[in-house]
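K.L.:
Below are the structure tokens for one structure; questions will follow.
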Amino acid sequence: MNVEVGPDGNIREIVIKGYKFQVRPIPPEDAGKIIETFKIVEDVLKSVTLKFEDDEWDENTFKEFVNELTDHQRVFLIKCANDWTSTKEILAELKNAGLSSEKPQVVSGLRSGITKKLKKVGKKEDIVDKNWNNKEGQNYYRVKPKYRKLVEKFLIEGGDKF
2 MNVEVGPDGN
12 IREIVIKGYK
22 FQVRPIPPED
32 AGKIIETFKI
42 VEDVLKSVTL
52 KFEDDEWDEN
62 TFKEFVNELT
72 DHQRVFLIKC
82 ANDWTSTKEI
92 LAELKNAGLS
102 SEKPQVVSGL
112 RSGITKKLKK
122 VGKKEDIVDK
132 NWNNKEGQNY
142 YRVKPKYRKL
152 VEKFLIEGGD
162 KF
């Protein structure tokens, strides 16, 4: 358990098992009672087998996820599989795949759809990183390193054809 203290000395956030609980400002004199309460919650969470943390992907779950993807979402993930890729590069690749719009919002829409499909198969963590480049005024995207092998196997090498 971690406790985040604000500049005013009050507790603002409590983190248990990776989950953040934002709390109303708690003065230091009340902190002991609150922390004891959260320690009880933490102990209960340790004894219960709930899926609070995102488990590693197994191939069947990833196949299920891939089967839900649209063609444009697949193009997006393939383009971002190996390295940081700019919005402009993604839009150019999508245009080659037949998507007529060149608006950057298209990429946001694809990511949103991917997130919904991740939730559909029980996953919370996004598989794509995003980073804003101030100098260029655009986002860069990449598949998170721990998901690259699955993307390569099932999207690039065609392991999704079964």
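The number in the working numbering is simply the position in the sequence shown, starting from 1, with 1 added. A virtual CB, placed ideally from N, CA and C, is assigned to each residue, including glycine.
Only counting runs of 3 or more residues, tell me where the beta strand (DSSP E) segments fall wholly within the stretch 80-130, in order along the chain.
P.N.:
Segments of the beta strand (DSSP E) lying fully in the stretch 80-130: there are none.
K.L.:
Starting from K154 and walking both ways along the alpha helix (DSSP H), at which residues does that stretch end?
P.N.:
As a first step, residue 154 is located in the sequence shown; it is residue number 153 there, counting from the start. It is not in any alpha helix (DSSP H) - K154 carries neither H nor E in the DSSP assignment.
K.L.:
Might you give, ordered along the chain, the residues of its own chain that have their beta carbon closer than 6 angstroms to the beta carbon of W85, omitting 5 neighbours on each side?
P.N.:
Working through the sequence shown from its first residue, we reach residue 85 at position 84. Correct list, in chain order: Y141 and R143.
K.L.:
Check P146 in the structure and name its three-state DSSP category.
P.N.:
The sequence position of residue 146 within the sequence shown is 145, counting from 1. DSSP places P146 in helix when its eight states are reduced to three.
K.L.:
Determine the closest residue to G138 out of E43, N97 and P105, with distance taken between C-alpha atoms.
P.N.:
Here residue 138 corresponds to residue number 137 of the sequence shown, with the count starting at 1. Checking every option, the nearest Cα to that of G138 belongs to P105.
K.L.:
Here's the rule: buried if 16 or more other CB atoms are within 10 angstroms of the residue's CB, otherwise exposed. What is I115?
P.N.:
Locating residue 115 in the sequence shown gives position 114, where the first residue counts as 1. Its Cβ being crowded by 16 or more others within 10 Å, I115 is buried.
K.L.:
Please name the residue in E153, K96, H73 and K147 whose C-alpha comes closest to that of W58.
P.N.:
Numbered from its first residue, the sequence shown carries residue 58 at position 57. For the residues E153, K96, H73 and K147, the minimum Cα distance to W58 belongs to K147.
K.L.:
How many angstroms separate the CA atom of I31 from the CA atom of I128?
P.N.:
Locating residue 31 in the sequence shown gives position 30, counting from the first residue. Locating residue 128 in the sequence shown gives position 127, counting from the first residue. One detail in the question is off: residue 31 reads as Asp in this sequence, not Ile. So the alpha carbons of these two residues sit roughly 40 angstroms apart.
K.L.:
Can you list, in chain order, the residues of its chain with a C-beta nearer than 6 angstroms to that of E14? Leave out the 5 residues immediately preceding and following it.
P.N.:
Sequence index remark: in the sequence shown, residue 14 carries index 13 (1-based). So the qualifying residues of the chain are E5, K21 and Q23.
K.L.:
Mapping DSSP to helix, strand and coil, what is N68?
P.N.:
As a position in the sequence shown, residue 68 is number 67, starting the count at 1. Helix at N68.
K.L.:
Can you check whether the CB of D130 is closer than 8 angstroms to the CB of K145?
P.N.:
Within the sequence shown, numbered from 1, the residue matching residue 145 stands at position 144. Within the sequence shown, numbered from 1, the residue matching residue 130 stands at position 129. A contact, by the Cβ cut-off of 8 angstroms.
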